[in-house]
Each structure stands twice: as structure tokens, then as C-alpha cells.
Amino acid sequence: MADLRNNFVGIKSPNPFWLASAPPTDKAYNVERAFKAGWGGVVWKTLGSEGPPVVNVNGPRYGAIWGADRRLLGLNNIELITDRPLQINLQEMKQVKMNWPDRALIASIMVPCVEEEWKAILPLVEETGADGIELNFGCPHGMSERGMGSAVGQVPEYIEMVVRWCKQYTRMPVITKLTPNITDIRNPARAAKRGGTDAVSLINTINSIVSVDLDNFAPVPTVGGKGSHGGYCGPAVKPIALNMVSEIARDPETYGLPISGIGGVTTWRDAAEFLVLGAGNVQVCTAAMTYGFKIVQEMISGLSDWMDEKGHRSLDDITGRAVPNVTDWKYLNLNYVAKAHIDQDACIKCGRCHIACEDTSHQAITSMVNGVRHFEVMEDECVGCNLCVNVCPVENCITMVGLEPGTLDQRTGKMVEPTYANWTTHPNNPMAQVAAE
Amino acid sequence: MHRLGSGIAGGRLAPAEYEQNFSDLHPRFDKHEALVASDRCYFCHDAPCMTACPTEIDIPLFIRQISTANPLGAARTIFSQNILGGMCARVCPTETLCEQACVRNTAEDRPVDIGRLQRYATDIAMEQNRQFFHRGAATGKTIAIIGAGPAGLACAHRLAMHGHTAVIFDAREKAGGLNEYGIATYKATDDFAQKEVDYLLAIGGIEIRNGQALGRDFSLQDLTADYDAVFLGIGLAGVNGLGLEGEELSGVNDAVDFIAFLRQADNKADVPIGRRVVVLGGGMTAIDAAVQAKLLGAEEVTICYRRGKEHMNASEFEQDLAASKGVTIRHWLAPKRILGKDGAVAGIELEYTALRDGHLVGTGETGVIAADQIFKAIGQSFKASGLGALAMEKGRIVVDDHCRTSMERVYAGGDCVNRGEDLTVSAVAHGRDAAEAIHSAFAVAGQPAVAVA
Numbered sequence: 149m150a151d152l153r154n155n156f157v158g159i160k161s162p163n164p165f166w167l168a169s170a171p172p173t174d175k176a177y178n179v180e181r182a183f184k185a186g187w188g189g190v191v192w193k194t195l196g197s198e199g200p201p202v203v204n205v206n207g208p209r210y211g212a213i214w215g216a217d218r219r220l221l222g223l224n225n226i227e228l229i230t231d232r233p234l235q236i237n238l239q240e241m242k243q244v245k246m247n248w249p250d251r252a253l254i255a256s257i258m259v260p261c262v263e264e265e266w267k268a269i270l271p272l273v274e275e276t277g278a279d280g281i282e283l284n285f286g287c288p289h290g291m292s293e294r295g296m297g298s299a300v301g302q303v304p305e306y307i308e309m310v311v312r313w314c315k316q317y318t319r320m321p322v323i324t325k326l327t328p329n330i331t332d333i334r335n336p337a338r339a340a341k342r343g344g345t346d347a348v349s350l351i352n353t354i355n356s357i358v359s360v361d362l363d364n365f366a367p368v369p370t371v372g373g374k375g376s377h378g379g380y381c382g383p384a385v386k387p388i389a390l391n392m393v394s395e396i397a398r399d400p401e402t403y404g405l406p407i408s409g410i411g412g413v414t415t416w417r418d419a420a421e422f423l424v425l426g427a428g429n430v431q432v433c434t435a436a437m438t439y440g441f442k443i444v445q446e447m448i449s450g451l452s453d454w455m456d457e458k459g460h461r462s463l464d465d466i467t468g469r470a471v472p473n474v475t476d477w478k479y480l481n482l483n484y485v486a487k488a489h490i491d492q493d494a495c496i497k498c499g500r501c502h503i504a505c506e507d508t509s510h511q512a513i514t515s516m517v518n519g520v521r522h523f524e525v526m527e528d529e530c531v532g533c534n535l536c537v538n539v540c541p542v543e544n545c546i547t548m549v550g551l552e553p554g555t556l557d558q559r560t561g562k563m564v565e566p567t568y569a570n571w572t573t574h575p576n577n578p579m580a581q582v583a584a585e
Numbered sequence: 044m045h046r047l048g049s050g051i052a053g054g055r056l057a058p059a060e061y062e063q064n065f066s067d068l069h070p071r072f073d074k075h076e077a078l079v080a081s082d083r084c085y086f087c088h089d090a091p092c093m094t095a096c097p098t099e100i101d102i103p104l105f106i107r108q109i110s111t112a113n114p115l116g117a118a119r120t121i122f123s124q125n126i127l128g129g130m131c132a133r134v135c136p137t138e139t140l141c142e143q144a145c146v147r148n149t150a151e152d153r154p155v156d157i158g159r160l161q162r163y164a165t166d167i168a169m170e171q172n173r174q175f176f177h178r179g180a181a182t183g184k185t186i187a188i189i190g191a192g193p194a195g196l197a198c199a200h201r202l203a204m205h206g207h208t209a210v211i212f213d214a215r216e217k218a219g220g221l222n223e224y225g226i227a228t229y230k231a232t233d234d235f236a237q238k239e240v241d242y243l244l245a246i247g248g249i250e251i252r253n254g255q256a257l258g259r260d261f262s263l264q265d266l267t268a269d270y271d272a273v274f275l276g277i278g279l280a281g282v283n284g285l286g287l288e289g290e291e292l293s294g295v296n297d298a299v300d301f302i303a304f305l306r307q308a309d310n311k312a313d314v315p316i317g318r319r320v321v322v323l324g325g326g327m328t329a330i331d332a333a334v335q336a337k338l339l340g341a342e343e344v345t346i347c348y349r350r351g352k353e354h355m356n357a358s359e360f361e362q363d364l365a366a367s368k369g370v371t372i373r374h375w376l377a378p379k380r381i382l383g384k385d386g387a388v389a390g391i392e393l394e395y396t397a398l399r400d401g402h403l404v405g406t407g408e409t410g411v412i413a414a415d416q417i418f419k420a421i422g423q424s425f426k427a428s429g430l431g432a433l434a435m436e437k438g439r440i441v442v443d444d445h446c447r448t449s450m451e452r453v454y455a456g457g458d459c460v461n462r463g464e465d466l467t468v469s470a471v472a473h474g475r476d477a478a479e480a481i482h483s484a485f486a487v488a489g490q491p492a493v494a495v496a
């Protein structure tokens, strides 16, 4: 049985699955239920300054896009930080932490970019016994209009400044939550590191309009005839999140900085992908909001079973394992040649590979051979682009097969070279680096 | 009447049972069901389902239209190829046509529910009486159509689209042909066949003259003299006989008559049925008669077919349906003699059969099944008079790929021709294609003999 115990910047939890700061972690009732269901930790829904709490809209807060059978693929929300009084949240956090000492309890915080504000709230949080704090520099709607959330996360200097304050005024580990609504995620991560953050967590939600009501010509969710952009999350954002996590994981300036991976984690497999790309643990929200807290049981068993099967004993065995294999395009081996291969026994003859290739790619798949419906790759046309693999409805029916060095690439008429050669040295590259004499 | 009373009698069931037994076999999908079902379609390239459809409906396109909340667009796609798409959705043996060809069968042994999705879209359009086609500008040409069945109706509609006028002659009281008289009641509930005729006629330019029989009220020659073209969609009016002792006994009936009578009966309790019923035959008609006999309250219904299961014309689905309703299907039994008592059927003697050297032979072993009613469903045959010298082959009208017969300006389609399977959907394809051929012939005839540069 694989050891799933997680130690993230000194914060211990029985497994690497935390609930992200969001509606599921809004109050003790939910968090208690989450811990009973098996979640390793929670990041309590973002606390604001003392005083009258924020108010939410009284209409719809969520919009969504769906896939097959109305399976939720992407969710967007316009909910703000907690709309409950600070003291109530603090009392409940303290009680929950006492009830569940083995679970991680992190406080998400968002107060104005004023030193006194941070200085004021940090001791209050610390008093609850919380294991750490997460700085919400990501919320892209509502709060950002007030100079908080992503408005801070988009300015690296502010990030660095606030992190520095936090490190100064609390002993608790500081996790800086980043917004993806920025051109280069490495800049805010570097700033957080300069400020002394213990970790970064990402991604927060992405600016989005999930759909438009075509009867009323208004964005969804529509509140009294108008809509506002929201924050996008769920399975649809995972690829964006994975890339951003890997960017930070492999950036020389932030290399080794602990990362809590967030963004569309729905299954154990998603979680494993975040971990191997450099995340120390993962945070989940949409999956829980879609299916309830019980899904963590699938994540725990799936991750554990996969690790057992592969002989990985602990999370340390897998964290960051894929990072060395993430590189820049220019370093990809241009001498590697692959061809698509269709398993005729698995083929159901839907023809999608053919029409995708014929209409939109390289005309390398037959549709008819000797008058019979038959789909086969023409290796002399196939550039190995993988589109057919992706449109085929049958898993593993079409696979990419790498050609062994020394075999003939029928398309180019050249032998496959055994050596590695990339764009930086390619003769077609006007900027090619000339090999040292 | 008691449920198990002997002889042939109506009223074997309670009113509610009749209602339930003759309600819709497959209720229409609701929107959610349709979305779930449509999502299974892979939108195949050069889709096999489409090729398998005699009317070549663009199935992937209409299913995608359903999946994108555009059922009316889906209906337009269907009706543009098959104006009787509503009935075909109900009666097509999809399991041997589009759904058999569905690639999902290869993947998971369960095709996309094409038939039910087609019904979903067509029902919505027809309930809203949404008309997608308009009568073309009048051409002044009038075409006589004999038979208001699927072939004749499809032909008339397509002719109207091209601006021609169609006059349909039909011997029966109502239009619809087998859709009205030959389909099992539970497949076309709520008077669907007549609603479909009304929907189709709404295009205009189509006149139906009921009670007009070929050979009795007019001949083909009369029509060719009076009309610009003629389309024959006269079906198969004859019923094969057994040629056996006892066939004249009371209680020996043609299955097609029974099916038609039941369809037309306002109150199913008025339809008399035997306590023990034997149906002879192996096609859809045999199944429809047997299943409905059971649904009318027959205690015991047995289909006897002289060959094996694999030879039956009835689809596997239909056979399973019959079995699920409690019909017993027995194979390798050929009728020898119908036994009577007091002028009525008492049973049937059958002989076991076998295939020897490719020939069906009796084994000599016989047995008797008690029965008070026997339905003959051993095939329909071409029966018509007044056709003159029209070329025939194997008892069907000879036509080419454009539904042209041996006679100038005379076209034919549906069950009466020597082309395609005897299916509603094939008849629709013939009627539609014949209309296109007629239209093209007019266009060719209308061109000047010598082109001027």
C-alpha cells in the first residue's frame, strides 16, 4: 500500500488531496463533512478584513459548459470571498482544527494591499491553530475591482510586498495563490519567491464568459439582465494549469519552490499528473462541487493503486518526475520520426481519422481500399501529427509508432538518423548555432 | 366473454388491458433522452448508417442537429430525403438497416438509437405542423398515381415540390396504403398514418381520389391517355393461399385482413380472436398477427414456420418482441391439413421438415396443434388487372434504376416492382426517385431539339 501522507511546507495531511478555498470550505458544516469523507486538508474560504462582510449577488453565481450526457466540463462563478463575519469563521476554524488535528487547515486571506490590514488579520488567524495561510491573489471577479485578488496577482511587485509582510508578521507557512490571468506565470511566482513565500498554489480561476443567453443577449450567469465575467474552473482548465505548474517547476529562478497544484483535478489521474509535473499536493474544488465530497475516495484509491502498480512507495517518489522531460520546442528531437498505425481489429470504421486527415491535415489515411471501406495509414504521406489518434473514438486503436533509426521514412525518402538534432542546429534555422569547431 | 372462453370471440380482456396492449410500442424520447442518445453518434465519415438507409437520410447530420438542440433542423434533414420519415421511424426494421450498420455495434454491441431519434425530430416538426417544403411554380403537368401508399405519397410530394400536379387513385377508403392498413396497431398509434397523410398533403397540388380501383374503374391506358405521366404504387394486393384441405373452414383467415381490421377497429374489444391461434409464416406479417392475437387475449399463439429461425424474414428484433409477448415460434413445421369440427377450425396437422441437398422436404413425421383460429401469413403476391402489356418478371413489374417501366411515361415503385426490399422505406425511395425521373423527363422533353450556340 503506497504511503500517501503529505508534508507540504511542513503542513502534514494524511493524503495530498486538499479542498481549495471556495464554497465547499465556506463553514464548519461543510469542512466537517469533507474531513469525514476523507479529504486530507482544506483551504478555508477566503477571509476578508474585520468589519461588515462582503455581499454576494442574490441571483445566479455559476455558469457552466457541458460535454456528453451533460457532464460538467467547465464551471464559472462570480461569487466573492466569504460573506460571513470574520469572527464566526475564526471560531469555526479553531473548533474544526481541534476536532481534526491530523488534517491540514489553511486560511485563505484577502485584505487590501495595506500593511496594517495584513498585520491586523494574521495574529487572529494564527490564534485559530491553522496550519498555514494562503494569500488569495487570484480571484478575478468582483474583488479585483476593489484592488484585491487578481489585481494584486497581476503586479509582481505587490505580490512580493505582501508576501514579505506576511512572512514578517506570522510564523505560519505562507502559500501564495497565483492568478492565471497573466501573460507569463513565472513572473508572479518569482516575485512570491523573492518575497519569501514558502510555496505557491495555482491556478486560480480564469476570466471567462461561459455562455450567452441568446434570447436576452446577456452573458450567463445573468443577474437581472446583465452578466459579468466570472472565474473559470473545472476539467476544462486542467491543461492550462498543468502548463503553468510545469513552467514554475522548471524555471531556474523558482526551481524547487513547493507548488500546490490547482485546476480541474477531477480524478486520481489528474492529481498524479500535477504531482509529477512538480506539485507537492493538489487542491480540488469543482469536482467536489459537481459530485460531492465522496469523490476523494476514488482519488485516494486510484492514486494509491497506481503507485502500488508502478512500485512508487511515497509521494516523494513521484513528485516532479516529469519536470525534466518538459522542455522548449526548440530542443525537441527533429530526427525522431513516428507514423500512425491503425489496429484493424480494433477499428470500428467510423472514418473520422480519414476525414480529419483528408480535410484538415495530410491526406494520409485511406477510406476505401479495393472498393471496401478500409482505413489505413499511408506512411509515405503521414507526418505523424497524432490528429487521427485524438479524433479516434476507440482508445488505442490508432497509435503512434516511432521508426527505429536506420529505417526508411517513406515520406521523406530518408533514413531515420540515430542522432539527436533540434532546431537550434537545424540548417533551415537562420539563427542556427554553429557547432563549436 | 371470459378471458379463456373457447372459440373465436372478442372482449377477452378488460378495457384497460386493451388500451395498454395497443399503446405505443416505443414511446417517443423526451428531450433529455434524445440528447443522451444523440450524443452517442460519432458523426462518421461517409456514414455506414446512411448508406444502409434506402432513402439515404443524412443520419449523422440529423443526429448532430438533435444534439445541438435543433430538432426542427433535424426534421428538415430527414424529410428532405424521406417525407414519410415519421412512419419510417416507427416501422423501419432499423435493426437490419441503419442501426445494423452503426459502428457502435462494433465498439459495444449497441447501435445509436437512430429510429427513435428520427421519431423524436419528426414528431416535433409534425406536431408543430412545420412545413419545410413548398410547392414549386406550377408547370401545368399532371401525373396520375395509382395507390396512395408510401410509394405513391412520396412520389406525389416530390412532384408537388417540382410544381407538378398529382392525382392519386386509391381503391381503399383512406389514403396511406399499408401504413394505414398493414402496420401493427401499436406501431402507429393515435391515427398517425392519417396525420402523416395530412402533413404531406399540406404542400398542395395533390388530389386523392379514394374508392377508385385499377381494372375496375379505370385502366392504365385510360391514365396514360389523360395524364402526362403515370406512377404505379399498387403494392401487392394478393394473398398466397395454402392449397390445403380445410382452408375453407371458418376460422381460417388471412393475416393481412386481420391486421387491417384490427387497425380500423375503434374498439379493440370488438375484434374477435381465437383462444388458441396458429399463425403460418415467417415474416413480419406473421409476427404482427401473432403478437396482436396475443394482445387481444388469445391464450396460446403459435407461429409455425416451415424453415429454420435463420430463414425467417422477420427480424431478430421482431422475433424477440413476439417471444416477449408470449408467442411461441416453432420452426421446421409445414402445414399438411386443417382439421375441422362442425365447419370450424379445430386444429392443424403439420409435418416436420428438413433441408436435404438444399431442398425443403417433409420428414414424414406429423403432429397436430389444437387451434380455433388460423392466420395465413405466407406471403403476398402481385395482383392487378388493367395494366395492359406492362412487362413483368417473377410476378413483379419490371423497372430500371429510375423506376421506369417498359411503357413510355409509366413509372412504378414500392412492393409491386422487382427492385429493393418490400419495405415502407424502400417504397418511399422509389416514389421519390420516380418523381425525380418524371421531372427530369419533362425537362429533357422541354428542351429544344437543336441547341443554338
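Residue numbers (our numbering), protein chains in the order written: chain A, 149 to 585; chain B, 44 to 496.
Heads up, the beta-carbon is just placed ideally off N, CA and C, and yes, glycines get one too.
These figures come from a predicted structure and were not determined experimentally.
If you reduce the DSSP assignment to three classes, tell me which class residue i lands in.
{"i": "Asp-361/A", "result": "strand"}
{"i": "Ala-484/B", "result": "helix"}
{"i": "His-402/B", "result": "strand"}
{"i": "Ser-98/A", "result": "With chain A covering only 149 through 585, there is no way to say anything about residue 98/A."}
{"i": "Val-344/B", "result": "strand"}
{"i": "Asn-461/B", "result": "coil"}
{"i": "Ala-490/B", "result": "The amino acid occupying residue 490/B in the given sequence is Gln; Ala does not appear at that position. Note: Gln-490/B maps to coil in three-state DSSP."}
{"i": "Glu-565/A", "result": "coil"}
{"i": "Thr-467/B", "result": "helix"}
{"i": "Tyr-395/B", "result": "strand"}
{"i": "Gly-222/A", "result": "strand"}
{"i": "Glu-585/A", "result": "Only weak support exists for where Glu-585/A lies, its pLDDT of 46 falling under 50; the value from the coordinates is given anyway. In the structure shown, Glu-585/A sits in coil (DSSP, three-state: anything other than H, G, I, E or B)."}
{"i": "Gly-5/B", "result": "Here chain B has residues from 44 to 496 only, and residue 5/B is not among them."}
{"i": "Ile-269/A", "result": "helix"}
{"i": "Lys-437/B", "result": "coil"}
Just to confirm the assignment, what range does the beta strand (DSSP E) spanning residue i have?
{"i": "Val-322/A", "result": "322 to 325"}
{"i": "Glu-314/A", "result": "Checking the sequence, you will find Cys at residue 314/A rather than Glu. Cys-314/A -> not in any beta strand (DSSP E); alpha helix (DSSP H) instead, spanning 304 to 317."}
{"i": "Cys-87/B", "result": "Neither: Cys-87/B is in no beta strand (DSSP E) and is coded neither H nor E."}
{"i": "Ile-226/B", "result": "It is not in any beta strand (DSSP E) - Ile-226/B carries neither H nor E in the DSSP assignment."}
{"i": "Pro-378/B", "result": "376 to 384"}
{"i": "Lys-193/A", "result": "189 to 195"}
{"i": "Gln-335/B", "result": "No beta strand (DSSP E) contains Gln-335/B, which is instead part of the alpha helix (DSSP H) from 327 to 338."}
{"i": "Ala-187/B", "result": "185 to 189"}
{"i": "Tyr-210/A", "result": "210 to 214"}
{"i": "Lys-341/A", "result": "Here Lys-341/A belongs to no beta strand (DSSP E); instead the alpha helix (DSSP H) covers 334 to 343."}
{"i": "Tyr-270/B", "result": "Where Tyr-270/B is concerned, there is no enclosing beta strand (DSSP E), given that its DSSP letter is neither H nor E."}
Kindly list the residues whose CB is nearer than 7 Å to the CB of residue i, restricted to its own chain and excluding five residues on each side of it in sequence; keep chain order.
{"i": "Ser-161/A", "result": "Asn-154, Gly-188, Gly-189, Arg-251 and Ala-252"}
{"i": "His-377/A", "result": "His-289, Asn-355, Ser-356 and Ile-357"}
Between which two residues does the alpha helix (DSSP H) containing residue i stretch?
{"i": "Tyr-61/B", "result": "58 to 64"}
{"i": "Asp-166/B", "result": "157 to 170"}
{"i": "Thr-208/B", "result": "Unbroken run through Thr-208/B is the beta strand (DSSP E), 208 to 213; no alpha helix (DSSP H)."}
{"i": "Ile-102/B", "result": "102 to 110"}
Output needed for residue i: all residues of its chain with C-beta closer than 8 Å, excluding positions within five of it in sequence on either side, in chain order.
{"i": "Leu-56/B", "result": "Arg-46, Asn-64, Ala-312, Leu-339 and Gly-340"}
Give me, in chain order, the residues of the same chain whose beta-carbon lies closer than 6 Å to that of residue i; leave out the 5 immediate sequence neighbours on both sides.
{"i": "Thr-547/A", "result": "His-489"}
{"i": "Ile-226/B", "result": "Val-134"}
ask   = Are the region 376 to 395 of chain A and the region 441 to 453 of chain A in contact at 8 Å, needing three or more beta carbon pairs?
value = Of all C-beta pairs linking the region 376 to 395 of chain A to the region 441 to 453 of chain A, fewer than three are shorter than 8 Å, placing the two stretches out of contact.
ask   = At which residue ranges does the region 474 to 559 of chain A contain complete beta strand (DSSP E) runs of 3 or more residues, listed in the order of the chain?
value = The region 474 to 559 of chain A contains, as complete beta strand (DSSP E) runs of 3+ residues, the segments 486 to 490 and 546 to 550 (chain order).
Continuous beta strand (DSSP E) assignments of at least 3 residues falling wholly in the region 374 to 448 of chain A = As summarised for the region 374 to 448 of chain A, the continuous beta strand (DSSP E) elements at least 3 residues long and confined to that stretch are 378 to 381, 407 to 410 and 429 to 432, given in chain order.
ask   = Using 8 Å as the threshold, is the region 443 to 452 of chain B in touch with the region 464 to 481 of chain B, meaning 3 or more CB pairs across them?
value = Yes: the two stretches touch, three or more of their Cβ pairs being nearer than 8 Å.
task = Could you tell me which uninterrupted beta strand (DSSP E) segments, each at least 3 residues in length, are contained entirely in the region 272 to 317 of chain B, listed from first to last along the chain?
result = Listed in chain order, the complete beta strand (DSSP E) runs (minimum 3 residues) inside the region 272 to 317 of chain B are 272 to 275 and 295 to 297.
inquiry  = With three or more beta-carbon pairs closer than 8 Å as the criterion, would you say the region 74 to 93 of chain B touches the region 460 to 468 of chain B?
reply    = They do not touch, by the three-pair rule.
ask   = For the 8 Å Cβ check, are there 3 or more pairs between the region 178 to 190 of chain B and the region 222 to 241 of chain B?
value = Between the region 178 to 190 of chain B and the region 222 to 241 of chain B there are fewer than three C-beta pairs closer than 8 Å, too few to call the two in contact.
ask   = Are there three or more Cβ pairs, one per stretch, closer than 8 Å when the region 112 to 121 of chain B is compared with the region 168 to 180 of chain B?
value = Verdict: yes, contact present.
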